[in-house]
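Numbering (this note's numbering), first residue to last: 0 to 224.
In this text, a Cβ means the ideal position worked out from N, Cα and C, and glycines have one as well.
All values derive from a computational prediction rather than experimental measurement.
Right, one structure below, let's go through it.
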């Protein structure tokens, strides 16, 4: 089963199979995306509540009737209408119409803080997602630093890892490359770049591992066969 991964902008992705149109962190806020860039969604995943990842108006617009949204518990009451499932790290949900499962993973900061000392993404605020579709596994790390829980993913056999690499609020290029060495995915796609150089990420990863780095510009796709 072919799976198409389309990079929209920032941390927003569209994942399409034969019978599912899935969005991760769809947002028009501070991403440059317009509402007409989105097709009707069968499933929407939200990693956390920052507006460049969580756009309530857009979610309302693109949801098909009955299309579920999966999000952290702290967002459940903010998403009105339809089916809303909350997942905490370690919990999982079976996909309704595909041979698939979605797990929530940890995503948090350990070294990036606001002036008051609070992390931009405290533990428990958001999640990442691990999607198993057929026999393929796609990991969207969410907004996170390099964290010890990533070590568990090496046993999963990740096919594609979508990793934030832009520093300031998430891992930088070097930390994202270290995450690749930890997780050992077949493919790594940098996201949430915030002006960082994806070529530097590619060179660092491919010189130290067997992982292939695929750099997607906004609107470009990668097909996972």
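The alpha helix (DSSP H) that contains residue 3, what's its start and end? Along the chain shown, one-based indexing puts residue 3 at 4. In the DSSP annotation of this structure, residue 3 is not part of any alpha helix (DSSP H); the continuous beta strand (DSSP E) holding it starts and ends at 2 to 8.
For residue 130, I'd like the list of residues in its chain whose CB is within less than 6 Å of its CB, leaving aside the five on either flank, ordered along the chain. Numbered from 1 along the chain shown, position 131 holds the residue referred to as residue 130. Within the same chain, residue 130 has close Cβ partners 101, 137.
So, at 7 Å on beta carbons, what are the nonlocal neighbours of residue 145 in its own chain, with the 5 sequence-adjacent residues on each side left out? Here residue 145 corresponds to residue number 146 of the chain shown, with the count starting at 1. Same-chain partners within the cutoff: 170, 174, 177, 178.
Beta-carbon gap between residue 59 and residue 79 smaller than 9 Å: Along the chain shown, read from residue 1 onward, the residue named residue 59 stands at position 60. Along the chain shown, read from residue 1 onward, the residue named residue 79 stands at position 80. Contact flag set, yes.
On the three-state DSSP scale, how would you describe residue 37? Your numbering for residue 37 matches position 38 in the chain shown. DSSP places residue 37 in the coil class of the three-state scheme, outside both helix and strand.
Where residue 115 falls: helix, strand or coil (DSSP): Within the chain shown, the letter at position 116 stands for residue 115. Residue 115 carries a coil assignment under DSSP once its states are collapsed to helix, strand and coil.
Can you tell which of 167, 81, 159, 66 has the C-alpha that lies nearest to the C-alpha of residue 220? Within the chain shown, residue 220 is the residue found at index 221, counting from 1. Of the candidates 167, 81, 159, 66, the one whose C-alpha sits nearest the C-alpha of residue 220 is 159.
May I ask you to report which of helix, strand or coil DSSP gives residue 130? On the chain shown, residue 130 is found 131 positions in, with the first residue counted as 1. Strand.
Considering only the alpha carbon of each residue, which of 183, 201, 121 lies closest to residue 190? As a working note, residue 190 is residue 191 in the chain shown. Considering only 183, 201, 121, the residue with the shortest C-alpha distance to residue 190 is 201.
Is the beta carbon of residue 124 closer than 9 Å to that of residue 52? Locating residue 52 in the chain shown gives position 53, counting from the first residue. Locating residue 124 in the chain shown gives position 125, counting from the first residue. No.
Burial state of residue 224, where buried means 16 or more other Cβ atoms lie within 10 Å: The residue you call residue 224 lines up with position 225 of the chain shown. Answer is exposed; the Cβ neighbour count stays below 16.
Residues of its chain near residue 8, where Cβ-Cβ distance is below 8 Å and the 5 sequence neighbours each way are ignored: In the chain shown, residue 8 corresponds to position 9, counting from 1. If we look at residue 8 and ignore the five residues flanking it on each side, its Cβ neighbours are 30, 31, 32, 217.
Quick one: what's residue 83 bridged to in DSSP? Reading the chain shown from its first residue, position 84 is the one you call residue 83. Paired residue(s): 68.
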